[in-house]
Amino acid sequence: MARCDAMRAATDGWFDAWAVPGGFDPGGLLKGWAVERAAARLRAAGISDYAVVSEADLTVRGNAPHGGPWRVAIHHPREPRRVAMVLEMTEGAVGTSGITGHRGHVVDPHTGDMVRHVGCAVVTGPDLAIADAYATALYAAGPAGLGWFPTVDGYRMLFADCRPA
């Protein structure tokens with residue numbers, strides 16, 4: 034819960050695990066946390082090359098089976114069969130939030146309404162829990178998120194196309 038509080042502060046309230054119907058849903062952070070825990074267990078077992086994936090979010094380290102960097106496809110939010118970009122990574126996380134996969138799963142914490150943007154937000158960084166929480170907040174905020182998104186700490190917004198439908 035402390036990490037949820039920290040992300041609520043870091044995003045000017047756009048990531049708020051308490052703003053959903055029912056009172057508490059840390060899913061925008063919890064899934065990434067679980068993936069990071071699994072990755073830590075792989076490292077502890079001596080595995081240095083891996084990708085741990087949960088739906089459209091993942092963390093990678095080392096090389097892919099072909100010997101080069103992991104190639105991560107980011108699909109276009111309105112044309113899911115089209116690849117919008119490919120990331121090549123040897124370490125880091127990719128968190129995504131948007132309409133592809135789970136329509137109507139992000140709540141605007143300021144209004145309590147489901148976010149109806151068309152598009153997605155993609156954030157890369159060293160920790161998937163934080164990257165995914167930032168992506169959720171950016172998707173909820175739309176263009177307003179550009180004002181609080183960090184320009185340091187190793188997190189980058191790569192794709193945000195969140196125009197109102």
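Residue numbers (this note's numbering): 34 to 198.
The beta-carbon is built from N, C-alpha and C at its ideal position, and this holds for glycine as well.
query: How about Val-139 and Tyr-167: are their beta carbons less than 9 angstroms apart?
result: Along the sequence shown, one-based indexing puts residue 139 at 106. Along the sequence shown, one-based indexing puts residue 167 at 134. Cβ atoms of Val-139 and Tyr-167: not closer than 9 angstroms.
CB contact below 9 angstroms: Arg-114 versus chain B: The structure shown has no chain B; it contains just one protein chain.
message: Let's see if you can read the secondary structure: which residues bound the alpha helix (DSSP H) around Tyr-172?
response: By 1-based counting over the sequence shown, the position of residue 172 is 139. Its alpha helix (DSSP H) spans residues 161 to 174.
- prompt: Ordered along the chain, which non-local residues of its own chain (more than five positions away) have a Cβ less than 8 angstroms from that of His-109?
  reply: Against the sequence shown, residue 109 aligns to sequence position 76. Answer for His-109: Arg-115, Val-116 and Ala-117, listed in chain order.
task: Quickly, what does DSSP pair Glu-121 with across the bridge? List them, please.
output: In the sequence shown, residue 121 corresponds to position 88, counting from 1. DSSP, once it has assigned bridges, lists Arg-104 as partnering Glu-121.
- request: Please state whether DSSP places Gly-178 in a helix, a strand or coil.
  value: Counting from 1 along the sequence shown, the entry for residue 178 is found at position 145. Helix.
Coarse secondary structure for Asp-90, derived from DSSP in three states: The count along the sequence shown starts at 1 and reaches residue 90 at position 57. Residue state, collapsed to three classes: strand.
query: Skipping 5 residues on each side, what residues in its chain have a beta carbon closer than 8 angstroms to that of Pro-197?
result: Within the sequence shown, numbered from 1, the residue matching residue 197 stands at position 164. For Pro-197, the pLDDT reaches just 45, beneath the cut-off of 50, and the residue's location in the model is therefore unreliable, although a value from the coordinates is still provided. Here the set comprises Arg-149, His-150, Val-151 and Gly-175.
- request: Would you give the residue range spanned by the beta strand (DSSP E) that Val-53 belongs to?
  value: Here residue 53 refers to the residue found at position 20 when the sequence shown is read from its first residue. Per DSSP, Val-53 belongs to no beta strand (DSSP E) and is neither H nor E.
task: Check Ala-97 in the structure and name its three-state DSSP category.
output: Taking the first residue of the sequence shown as 1, we reach residue 97 at position 64. Of the three classes helix, strand and coil, the one that applies to Ala-97 here is coil, per DSSP.
- request: Look up Ala-198 in the DSSP assignment and say whether it is helix, strand or coil.
  value: In the sequence shown, counting from the first residue as 1, residue 198 sits at position 165. Interpretation of Ala-198 is limited by its pLDDT of 40, a score under 50 that renders its predicted location unreliable; the figure taken from the coordinates is listed afterwards. Three-state DSSP puts Ala-198 in coil, outside helix and strand.
- prompt: Does the Cβ of Val-155 have 16 or more other Cβ atoms within 10 Å, making it buried, or fewer, making it exposed?
  reply: Here the question's residue 155 lines up with position 122 in the sequence shown. Flag for Val-155 reads buried.
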